[in-house]
Amino acid sequence: MLDESLKSDFPTLKQKINGNELVYLDNAATTQKPEKVIKALESYYRSINSNIHRGVHTLSIRATDAYEKARSKVAAFINAEHREEIIFVRGATEAINLVANSYVKPILKEGDQIIISQMEHHANIVPWQILCEQMKAELKIIPMNEKGELLIEEIEEMISEKTKFISINHVSNSLGTVNRIEDVIKIAHSNNIRIMIDGAQAVQHLSVDLIKLNPDFYCFSGHKVYAPTGIGVLYGKKELLEKMPPYQGGGDMIKSVTFEKTIYNDIPNRFEAGTPNIAGTIGLGVSIDYLVSIGIENIAKHETELLDYATQEIRKIEGVQIIGNAIEKASVLSFVIEGIHPHDIGTILDKQGVAIRTGHHCTQPTMDFYGIPATARASFAIYNSRKDVDALINGVKKTIEVFT
Amino acid sequence: MSEWNELYMEVILDHNKNPRNKGEIEGYTHSADGHNPLCGDRISMQIVVEDDVVTDASFIGSGCAISTASASILTETIKGLKRSDIEKLFKEFHNLVTSEDSDSGAVGKFSVFGGVRKYPARVKCATLSWHALMAALEGKKEASTE
Numbered sequence: 003m004l005d006e007s008l009k010s011d012f013p014t015l016k017q018k019i020n021g022n023e024l025v026y027l028d029n030a031a032t033t034q035k036p037e038k039v040i041k042a043l044e045s046y047y048r049s050i051n052s053n054i055h056r057g058v059h060t061l062s063i064r065a066t067d068a069y070e071k072a073r074s075k076v077a078a079f080i081n082a083e084h085r086e087e088i089i090f091v092r093g094a095t096e097a098i099n100l101v102a103n104s105y106v107k108p109i110l111k112e113g114d115q116i117i118i119s120q121m122e123h124h125a126n127i128v129p130w131q132i133l134c135e136q137m138k139a140e141l142k143i144i145p146m147n148e149k150g151e152l153l154i155e156e157i158e159e160m161i162s163e164k165t166k167f168i169s170i171n172h173v174s175n176s177l178g179t180v181n182r183i184e185d186v187i188k189i190a191h192s193n194n195i196r197i198m199i200d201g202a203q204a205v206q207h208l209s210v211d212l213i214k215l216n217p218d219f220y221c222f223s224g225h226k227v228y229a230p231t232g233i234g235v236l237y238g239k240k241e242l243l244e245k246m247p248p249y250q251g252g253g254d255m256i257k258s259v260t261f262e263k264t265i266y267n268d269i270p271n272r273f274e275a276g277t278p279n280i281a282g283t284i285g286l287g288v289s290i291d292y293l294v295s296i297g298i299e300n301i302a303k304h305e306t307e308l309l310d311y312a313t314q315e316i317r318k319i320e321g322v323q324i325i326g327n328a329i330e331k332a333s334v335l336s337f338v339i340e341g342i343h344p345h346d347i348g349t350i351l352d353k354q355g356v357a358i359r360t361g362h363h364c365t366q367p368t369m370d371f372y373g374i375p376a377t378a379r380a381s382f383a384i385y386n387s388r389k390d391v392d393a394l395i396n397g398v399k400k401t402i403e404v405f406t
Numbered sequence: 018m019s020e021w022n023e024l025y026m027e028v029i030l031d032h033n034k035n036p037r038n039k040g041e042i043e044g045y046t047h048s049a050d051g052h053n054p055l056c057g058d059r060i061s062m063q064i065v066v067e068d069d070v071v072t073d074a075s076f077i078g079s080g081c082a083i084s085t086a087s088a089s090i091l092t093e094t095i096k097g098l099k100r101s102d103i104e105k106l107f108k109e110f111h112n113l114v115t116s117e118d119s120d121s122g123a124v125g126k127f128s129v130f131g132g133v134r135k136y137p138a139r140v141k142c143a144t145l146s147w148h149a150l151m152a153a154l155e156g157k158k159e160a161s162t163e
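From first to last, the protein sequence lines are chains A and B. Offset between the first sequence (1-based) and the numbering used here: plus 2. Offset between the second sequence (1-based) and the numbering used here: plus 17.
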């Protein structure tokens with residue numbers, strides 16, 4: 003387990019909610035920010051705030067330097083081969099929309115197919131649905147079993163010459179399943195299909211090596227890795243990004259503009275139109291430094307121990323059913339209680355200072371698969387402890403007392 | 018367990034456990050589905066209106082304790098009421114769950130929902146069946162809390 007003193011790095015966690023110590027277990031929605039990240043934002047605005055890339059003055063050079071250093075940190079963090087393969091976006095949602103529009107749309111014809119999975123977040127469903135509607139293409143869904151594991155052996159059969167793209171998540175946000183993406187990537191590539199992996203629930207929990215995994219695109223959101231909101235990362239293979247048309251037009255993404263013709267900039271700038279989220283990007287770099295200093299392997303071990311402990315304890319409570327029982331899971335404990343709606347569980351836990359998420363977690367097709375409208379979801383992070391799990395378990399027991 | 022009582026009053030817990038008028042009504046004259054996109058909950062209301070008076074009411078669907086109890090109490094309360102009475106009651110109920118200076122005496126049985134106003138995230142649970150009812154009375158098929 004990680005040292006409990008780590009919690010003191012996070013100012014938001016030092017407060018009482020409804021008279022109880024805050025126990026924050028909504029980390030799959032967003033993580034709290036360490037002091038270092040908050041300070042980095044303040045320091046940027048206090049000392050080097052200026053626009054990047056075009057200025058010749060000192061502040062602009064400093065801001066550009068800090069912004070571009072963050073790109074190198076991200077590249078190293080997920081082991082991308084080239085730093086220009088890292089595109090800064092608003093979040094995983096924007097990354098997926100970018101790929102849908104700039105990579106998939108130009109190669110998609112009427113009757114073509116895109117494959118996603120049964121357990122996707124709406125962010126990895128709706129952009130593809132919009133695209134399929136526009137291009138009269140079809141969306142195909144990789145099925146899963148009751149435990150919440152994708153039936154990867156069925157993908158080969160789903161693929162035809164009409165299949166143009168695959169996009170699936172690395173880790174499910176509502177079930178916690180760690181998908182065997184290395185196998186899916188191999189299947190895609192052996193059929194000459196490009197593939198995107200939504201890593202929004204992965205990079206904060208497990209070590210991601212893009213050279214080894216070899217996806218064509220990968221993305222994640224900063225705010226789920228202890229960085230600010232409004233900053234995220236799209237990784238794309240250099241040879242693909244270089245051939246892709248821009249997603250948005252504007253400043254910084256051009257080499258030259260005349261009314262007759264615009265020459266687009268090289269990657270990554272071609273995909274970063276307009277003044278970006280400079281402070282957020284620098285904050286992301288700092289949060290990555292912080293994670294690296296703790297060690298992703300240590301984090302994975304810590305969170306697995308917490309998840310195992312929570313799973314073991316919640317199983318002892320009669321009437322509780324865990325939703326998502328994959329063999330490989332990361333951080334997420336989704337559950338339902340017989341006869342008690344998740345929102346009522348959420349309210350009663352909140353009364354005890356325990357913050358969890360209740361609802362469909364932006365995965366309505368996953369909820370439909372299980373025939374339920376919603377679940378209660380606890381999700382763990384580096385600052386959580388066994389005491390936090392105990393608070394959750396006590397809260398669940400109290401909820402059952404109130405309703406019986 | 019007094020700490021829960023302000024929201025989960027005994028009456029609410031009872032209606033949640035044993036909802037009244039849950040199920041289809043044969044020959045209903047008006048119906049509408051209420052949808053809360055925030056949580057995905059759906060509650061449908063079915064009513065029979067004769068000469069501007071609601072003579073029967075039921076609800077279908079599942080939701081949290083607050084939305085289930087609200088729907089259950091609603092079906093009991095509106096039987097025998099005129100459309101104008103229902104509109105007035107809805108205003109008073111809405112006031113009760115959102116405003117500090119509301120008159121819980123004006124809403125009869127619904128006064129048990131007074132605690133909801135301290136839980137802004139739950140107001141839509143309390144009003145879901147009401148939105149469906151108002152849509153049904155207006156001849157609409159669907160209502161959303163958003």
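Cβ coordinates follow ideal geometry from the N, Cα and C atoms, glycine included. Fair warning: this is a prediction, and the values are worked out from it, not measured in the lab.
Taking C-beta separations shorter than 8 Å and ignoring five residues to either side along the sequence, the partners of Thr306(A) in its chain run Ala332, following chain order. Residue burial annotation: Gly297(A) is exposed, with fewer than 16 other C-beta atoms found within 10 angstroms of its C-beta.
Taking a C-beta cut-off of 7 Å against chain A, the contacting residues of the stretch 115-137 of chain B are Tyr136, listed in chain order. As the crow flies, the alpha-carbon of Ile339(A) is around 18 Å from that of Gly78(B).
The residue among Ile301(A), Gly285(A), Leu243(A), Leu212(A) with its C-alpha nearest the C-alpha of Thr231(A) is Gly285(A). In this structure, DSSP gives Gln115(A) an extended state, which the three-state scheme calls strand.
Val106(A) and Phe167(A) have their alpha carbons spaced roughly 7 Å apart. Think of a sphere of 9 Å around the beta carbon of Ala49(B): no beta carbon from chain A falls inside it, the nearest being about 19 Å out. Leu351(A) and Val398(A) have their C-alpha atoms roughly 7 Å apart. Under a criterion of Cβ atoms nearer than 8 Å, no residue of chain A is adjacent to Ala86(B); the nearest Cβ is some 11 Å distant. Here the alpha carbons of Thr260(A) and Pro270(A) stand approximately 22 Å from one another.
Between the C-alpha atoms of Pro367(A) and His55(A) there is a straight-line separation of about 43 Å.
Classified as exposed, Ile213(A) has fewer than 16 neighbouring CB atoms from the shown chains inside 10 Å of its CB.
Scanning the stretch 366-401 of chain A from its first residue to its last, the whole alpha helix (DSSP H) runs of 4-plus residues come out as 366-372. The beta carbon of Lys34(B) lies closer than 8 Å to none in the same chain, with the five residues before and after it left out. Bridge partners of Ile143(A) according to DSSP: Ile118(A). Put simply, of Ala42(A), Tyr372(A), Glu148(A), Asp5(A) the residue whose alpha carbon is nearest the alpha carbon of Ile280(A) is Ala42(A). At least one CB atom of chain A sits nearer than 8 Å to the CB of Leu30(B). The residue among His172(A), Leu177(A), Ala30(A) with its C-alpha nearest the C-alpha of Asn216(A) is His172(A). Cβ-Cβ separation between His148(B) and Gly51(B): approximately 5 Å, consistent with a contact (criterion under 8 Å). Taking 8 Å as the upper bound on Cβ-Cβ separation, chain A lies near residues Arg139, Cys142 of the stretch 139-159 of chain B.
Looking at the backbone, the Cα of Met26(B) and that of Ile103(B) are separated by about 23 Å. Here the alpha carbons of Glu241(A) and Pro108(A) stand approximately 16 Å from one another. For Thr360(A), the enclosing beta strand (DSSP E) stretches over residues 359-361. Neighbours of Gly57(B) across chain A, judged by C-beta separation under 8 Å: Gly361, His362, Gln366, Met369, Pro375, Ala376.
Around the beta carbon of Leu100(A), 16 or more other beta carbons lie within 10 angstroms, which makes this residue buried. Residues of chain B with a Cβ closer than 7 Å to the Cβ of His343(A) are, in chain order, Gly80, Cys81, Ala82. DSSP places Glu67(B) in the strand class (E or B) of the three-state scheme.
Under a criterion of Cβ atoms nearer than 8 Å, the residues of chain A adjacent to Leu24(B) are, in order, Thr349. Under the 10 Å beta carbon count, Ala78(A) is surrounded by fewer than 16 other beta carbons and is classified as exposed. If you ignore the 5 residues before and after Val66(B), its C-beta comes within less than 8 Å of the C-beta of Thr46, His47, Thr72, Arg100, Leu154, all in its own chain and listed in chain order. With fewer than 16 other CB atoms across the displayed protein chains lying within 10 angstroms of its CB, Asn22(B) is exposed. Closest in C-alpha terms to Tyr220(A), from the list Phe371(A), Ala204(A), Tyr228(A), comes Ala204(A). Rounded to the nearest whole angstrom, the C-alpha separation of Ala202(A) and Ser161(B) is 30 Å.
In the structure shown, Ile319(A) falls within a coil segment according to DSSP collapsed to helix, strand and coil. Per DSSP, Leu15(A) lies in no alpha helix (DSSP H) segment and is marked neither H nor E.
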